[in-house]
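Student: Can you keep this structure in mind? I'll have questions shortly.
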């Protein structure tokens, strides 16, 4: 996969998330996916994403920065949303917040196998 192919793959993955097309998730995510060094497997990864959308009904992934260097992707994702209740241990309770996530991916067999992600919690705290 070239850098351009990998970037297109990632944009398609993000579109899949934004559509909440969980039946297509396996086209992008490896059966043995791990997130922040925790082995999730595809069902666990899907459950995590479904929980994210329950916690943040207006969740939308926007790519702010994308770097692809096969077999790795680095991205900065931007969010402007209204989490219900607690989010990352913070009492957001439906207040609109904006924040970013810095995330790195590694592919194996043409699918996302490793995900390392950090959310800018300090930016959320500053808005509350």
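In this note's numbering, the protein residues as written are 253 to 380.
All residues carry an ideal CB built from backbone N, CA and C; glycine is no exception.
Once the 5 residues before and after residue 366 are set aside, which same chain residues still bring their CB inside 6 angstroms of it?
Tutor: In the chain shown, residue 366 corresponds to position 114, counting from 1. Hits under 6 angstroms: 286 and 358.
Student: Where DSSP assigns a beta bridge to residue 366, which residues make up the other side?
Tutor: The residue you call residue 366 lines up with position 114 of the chain shown. For residue 366, which the question treats as bridged, DSSP gives the partners 286 and 358.
Student: Residue 349 and residue 331 - do their beta-carbons sit closer together than 9 angstroms?
Tutor: The residue given as residue 331 occupies position 79 in the chain shown. The residue given as residue 349 occupies position 97 in the chain shown. Closer than 9 angstroms, so yes.
Student: Determine, using beta carbons only, whether residue 315 and residue 360 come nearer to each other than 9 angstroms.
Tutor: Numbered from its first residue, the chain shown carries residue 315 at position 63. Numbered from its first residue, the chain shown carries residue 360 at position 108. No. Outside cutoff.
Student: According to the Cβ coordinates, are residue 265 and residue 376 closer than 9 angstroms?
Tutor: Residue 265 sits at position 13 when you count from the first residue of the chain shown. Residue 376 sits at position 124 when you count from the first residue of the chain shown. No, these two residues do not count as a Cβ contact at 9 angstroms.
Student: Using the Cα positions of residue 432 and residue 293, report the straight-line distance between them to the nearest angstrom.
Tutor: This structure leaves residue 432 out entirely; the chain is present only between 253 and 380.
Student: Report the three-state DSSP secondary structure of residue 321 (helix, strand or coil).
Tutor: Sequence index remark: in the chain shown, residue 321 carries index 69 (1-based). In the structure shown, residue 321 sits in a strand (DSSP, three-state: E or B).
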